[in-house]
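Worksheet: one structure, shown below.
As structure tokens, this is what we get:
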């Protein structure tokens, strides 16, 4: 019998928050998009923690209903006023340029320029994050206060980008477990300098991979660091034969803020991952938000499309679109904190502990209650509160280990923490009173 | 693919309330009972709107556990006081005579007469509505205030009725749809001058029939205008072979007041008609009362008897027995209003729209999200709120169109109006992304 | 068709409370343990009401995972102070000696003695109840106030007990019904002078047995008066072949106080006994506590172990462990009352009435509503409230008697008392409108 403590020890979170934060901080400045050198640089940095495989998929490759787009790279971009001063500069913040902007180099009056400027009137000091992946366009993003003060003059705009045939890049790490059945952990890698969305998720999963890779696990684990939508579609397209091995999965994003925690269930709604996450979140000391699946969000949209219908949920702290920093320059390294990252890590690690240990047992002495005393299972001191709780947990495990209830079933039925139930099962297993089925 | 808009256009309610009201007003004065010329006159009036078939079933015909009773007709009825004045006169209100009263012609003292007088002590100004179909009796109904003031003298009572072998009359209209499966719409025709109960229901269904008859529908529609209980039993008895075609049904009564709306579910409890009505009512802008089936009420009692167990619910505004005007002379043409009738009509028409369009589809590109952009399915302007809502609706339809969810399933799951979901399905169908199963 | 009134008459509770109380009062002084002459004396007393069989099972017999222990008997026990006065005396209260105390006869200083003294600091005037069945030990129980005042001197302790090979004793009464299927009623017989726990349960079940034995029942009834845990295990072990006959069962304990009522469901959770008890308790005029099964409590632990999984619940007034008198000398004859015992008896008797009459019927005229009037089933007076209620009950029974709903299903669906539903079924059965399936 596998003692789940193995995994929980392997995933021990002492200091995890700090390590995840500092990795996220390294990833933050890189200008990522759905393709290009920013993704490559990010994957390379993650590969320092865990030996991941880098995939390069050529432009034009058909991936399910989609096509891998041209690769986008950018060197510099700015707007100069008539006095020749750079008033908006990509070098200051990569959010200033709309992602996938076409190259442009021209002079225009304010009236023309404004059609290509994006700002947030409600948050006048922040730079918004905008993209135009599938329609040819170019644009700059800037604080609304700055936009409002632009003089009516002629501006020089330069976007030194290129949009050419190239590759879509993603990173993948596979850890072989006892069985072929897999747990998929996926984070999007396509956002530029947004700390929570998703440097936090990339860093957390890379750190988790670096812990998982050192331990013997029951399940195999697959980590995917790929651009949103098109990256997941590409992976699914290239791995249709392996998809059925995925028995549990999580999309991880926005895990560094103080919000939530938020869990959006898989399309199936009561998959093991859904139940494990709900179990852990209800005992996390936070008031979690548990949402039913809906077909909008991150890559769970792809994994849970009806042709795959994988048991993959979405874990976040604050839910996307609901925190004011979302998709703005305020989603920076001050917005995420080591403590929040550590809590997020802990929640995911505990859910993995549940998945790893959620076996089904059979009571080998099912008729009447087994005599615990003669097996030394009673605490030394009769009045010991912990001993009584431990006996009670053993009685729950014995009574419901009829081959039809998993340990998580029993934990839910008894309203006990999974770890306590798994611990009782381990003790009972040693006496021969439980047999795994 | 059938676009449900066909039906919703055909049933367009502009001015429906006024038309239904004026028909109800024409029906109001007629003295109906479970048999007799009043029913005939009513059916004849309805036949002016839609070409319905009139059935005449002879007295003594065995109908299931019952027997068609003798036919009742009445010419005049009154009570004269000793001074020879008519103090109660059928000519003033047909409620004054207990329905199915035996003929009587005699002089009696007040003490004897009182045994045959019915009044409402709690509503002393109103005439009650009373019947005695299956026990031989006679009686007069009058305001309690009048009854209390009757002098202790001898009265002449005359009821010039006849109760003889004849026929039970009912009207039936059938509209052939694309398929043999039927929607049954049934209203009781046996109450005399009671406007809400059920001139309102008769008029509404006759108007609906006059709209349905002009359109191409998926289902066939059967409208039944028959006396309560015995009429439904008679129809069921004569159509046992057709009963299994009824896939959805509604009994309609008391639909002209401002109460409710009230829906009593079919015995099955989650039949499509139950779900369609609940869906429409929850979005009707009213606070609906949704009741589980119980074996008392209108003809849903017969349709939902265990030997038939048809998916037939009851739609009303105020629930029978719960509004003070119920079964009194206050249920008159002032109690019902065109606006209320129009709302009731709209609710039924929308439920029909749901039934007509509640198909099941299969996403033809089920692996990953289809690329909506390349099919021109994204709104022109990215920030358009309506466009975003419409994209979201399409994503719901695509994700749950796996051959196992109907559009109503999807509307309920997504908490969206059926019409929006059906509209998205129509758009997707045109692009080939959906295929009806 | 069996009219359930038979059983309810047989179990008529007039005076039941007084009779049960006086029997409990007779049982109270006897010093019971899990074996020994106290159990024998108790069984003998119960046998005066109903001719029960006494079983004697030898020490050392293997019963499932357990072994029948040595038999324990005690003649006297006391603590004398240095002045030779008996300061604690078994003759005053059998709670003074820890049950299954080894024989002891020695002089010891207070310091040594204290290791064998048990008291309740929070309830300083009460003697606690303590046992040490499966670990060799000895001890005295006394009020904490007395313990605190013991002088620091040498004490003489005498426990004149014997713990030798002998027998485990239990009583069993079987009443043959129309069918082999059984109802099990079980009470633990192992506690000494504790009135509620469980003189009350023993007395109630013995009285119930004395009523059941005089009547013709549908089910067979088995009453078991056995020591807690080991007694139930012993019976189960010796009757494995009969266990599958148990279709319903109740463990009865602590039924003389004013608490609760409390019902703990069987492991199955929606067994007929669970539904019958919940039905009766919700209409009992009390606010019942309904608990899901948990694997701790009385002998339902054994009956509901996974290898048996019998449909056996636990009925109590105040739940064990939750009332302050529990397992102390305050659980005496003042704590239980005839009125409470009678209410408890009434609840169990009504649940038996439900089980006995919970048949399934088929409406023989299932198409449309049967004509009740022609069968004389309408009350004489149309406006009679009771008649209307009775008609309504008949309509519920007719509508749902489709061969798939028991009378309890119908009572629950209609929110009517089982007795009313069963009464309507009896009336309808006489007219031939119902046929038992």
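Protein chains in written order, with our numbering: chain A, 1394 to 1830; chain B, 1394 to 1830; chain C, 1394 to 1830. No residue lacks a Cβ here, since even glycine has one placed at the ideal position from N, Cα and C. For clarity, every value in this text was computed on a predicted model and none was experimentally measured.
Would you call the region 1596 to 1608 of chain C in contact with the region 1401 to 1417 of chain C, where contact means no fewer than 3 C-beta pairs closer than 8 Å? yes
Assuming contact is defined by CB atoms lying nearer than 7 Å, are residue 1577(C) and residue 1669(C) in contact in what I supplied? no
Please classify residue 1823(A): does DSSP put it in a helix, a strand, or coil? helix
Report buried or exposed for residue 1593(C), applying the criterion of at least 16 other Cβ atoms within 10 angstroms of its Cβ. buried
What do you get for residue 1458(A), buried or exposed, if any count of 16 or more other CB atoms within 10 angstroms of its CB means buried? buried
Where residue 1481(A) and residue 1407(B) are concerned, what is the direct C-alpha to C-alpha distance, given to the nearest angstrom? 57 Å
Residue-chain proximity (residue 1631(C), chain A), Cβ-Cβ < 7 Å: no
Assigned secondary structure, residue 1646(C) (DSSP; H/G/I helix, E/B strand, else coil): coil
Assuming residue 1686(B) contacts residue 1710(B) under a Cβ cut-off of 8 Å, what Cβ separation, rounded to an integer in Å, is found between them? In fact, because the Cβ distance is near 19 Å, the residues do not count as touching under 8 Å.
Contact with chain B by residue 1695(A), beta-carbon distance below 7 Å: yes
Around the Cβ of residue 1431(C), are there at least 16 other Cβ atoms within 10 angstroms (buried) or fewer (exposed)? buried
Whole beta strand (DSSP E) runs in the region 1610 to 1661 of chain A with 3 or more residues, listed along the chain? 1613 to 1619, 1639 to 1645 and 1655 to 1657
If we ignore side chains and look at the alpha-carbon of each, how far apart do residue 1666(B) and residue 1744(B) end up? 8 Å
Using a beta-carbon distance cut-off of less than 8 Å, what residues from the region 1779 to 1811 of chain C approach chain B? 1785, 1788, 1789, 1791, 1792, 1793, 1794, 1795 and 1807
What are the residues of the region 1688 to 1716 of chain A that lie near chain B, defined by any Cβ-Cβ distance shorter than 8 Å? 1688, 1689, 1694, 1695, 1697, 1698, 1699, 1700, 1701 and 1702
Considering only the beta carbon of each residue, do residue 1534(A) and residue 1552(A) sit closer than 7 Å? no
Residue ranges of each alpha helix (DSSP H) run of no fewer than 4 residues wholly in the region 1415 to 1449 of chain C, ordered along the chain? 1430 to 1440
Tell me which same chain residues have a C-beta within less than 6 Å of the C-beta of residue 1423(B), skipping the five on either side of it? 1431, 1434 and 1435
Cα-Cα, which of 1537(C), 1789(C) and 1705(C) is closest to residue 1580(C)? 1705(C)
Contact under 7 Å by Cβ, residue 1703(A) with residue 1639(A): yes
Cα-Cα separation, residue 1738(A) to residue 1527(A): 34 Å
Measure from the C-beta of residue 1823(C) to each C-beta in chain B and report whether the shortest distance is under 7 Å. no
Is it buried or exposed, residue 1798(B), if we count other Cβ atoms within 10 angstroms and call 16 or more buried? buried
Find out if the Cβ-Cβ distance for the pair residue 1790(B), residue 1815(B) is shorter than 7 Å. no
Nearest residue (CA-CA) to residue 1426(B), options 1623(B), 1741(B), 1662(B) and 1647(B): 1623(B)
Is residue 1761(C) close to chain B? Criterion is C-beta to C-beta, closer than 7 Å. yes
Tell me residue 1793(A)'s beta-bridge partners as DSSP assigns them. DSSP lists no partner for residue 1793(A).
Would residue 1656(C) pass as a contact of residue 1616(C) if the rule is Cβ separation under 7 Å? no
Check whether the Cβ atoms of residue 1793(C) and residue 1672(C) lie closer than 7 Å to each other. no
Buried or exposed: where does residue 1485(C) fall if 16 or more other Cβ atoms within 10 Å of its Cβ makes it buried? exposed
Using a C-beta cutoff of 7 Å, does residue 1766(C) count as contacting chain B? yes
If you follow the beta strand (DSSP E) that residue 1804(B) is part of, which residue opens it and which one closes it? That residue, residue 1804(B), is in no beta strand (DSSP E); its alpha helix (DSSP H) goes 1800 to 1807.
Cα separation between residue 1609(B) and residue 1568(B)? 9 Å
Apart from the five residues on each side of it in sequence, which residues of its chain come closer than 7 Å, Cβ to Cβ, to residue 1509(A)? 1531, 1532 and 1533
Residue 1715(A) to residue 1708(A) span [Cα, whole Å]: 14 Å
If I measure Cβ to Cβ from residue 1776(C) and keep anything under 6 Å in the same chain, skipping five residues before and after, which residues do I get? For residue 1776(C), the predicted structure reports a pLDDT of 49, less than 50, and the residue's modelled location is therefore unreliable. The matter cannot be settled from this model.
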